[in-house]
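Engineer:
Residue numbers (my numbering): 78 to 186.
(1) Residue 167 lies in the beta strand (DSSP E); which residues open and close that run?
(2) Per the contact definition of three or more C-beta pairs closer than 8 Å, is the stretch 98 to 111 in contact with the stretch 120 to 129?
(3) So what's residue 182 in DSSP terms, helix, strand or just coil?
(4) If I follow the unbroken beta strand (DSSP E) through residue 114, where does it start and stop?
(5) Using 8 Å for Cβ pairs, my map puts residue 177 next to residue 164. What's the rounded Cβ distance?
Written out as structure tokens, the structure reads:
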């Protein structure tokens, strides 16, 4: 771009101990920028990967439980809807037919 800036990025992974004795996995990102007239700027960003890994694991567990519950609920509901459809075809009672149509209509939403 002609700005006269050059930069380098270095990532360092390290394991360190927390005050409570836990092992903490950290990623330290160093951004070194060299500007005009030899001015150097160093930016350091530290991220605790232990918490990030725990959050990812929790999110994965939530997704698995949601998928399992979705399947466990969908199967019986499909059976109920099929039965409601069959019953509405076989009944001549207008009140029952209306109620069964309402059940199937709610599922379509």
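Just so it is clear, CB atoms sit at the ideal spot from N, CA and C, and this is done for glycine as well.
Structural biologist: A quick look at the data gives this:
(1) Working through the chain shown from its first residue, we reach residue 167 at position 90. Segment 126 to 167 is the alpha helix (DSSP H) holding residue 167; no beta strand (DSSP E) there.
(2) With a cut-off of 8 Å, the stretch 98 to 111 and the stretch 120 to 129 count as touching, because enough Cβ pairs lie within range.
(3) The residue labelled residue 182 in the question sits at position 105 within the chain shown. Three-state result, residue 182: helix.
(4) Here residue 114 refers to the residue found at position 37 of the chain shown. Per DSSP, residue 114 belongs to no beta strand (DSSP E) and is neither H nor E.
(5) For this step, residue 177 is matched to residue 100 along the chain shown. For this step, residue 164 is matched to residue 87 along the chain shown. 5 Å between Cβ atoms; contact.
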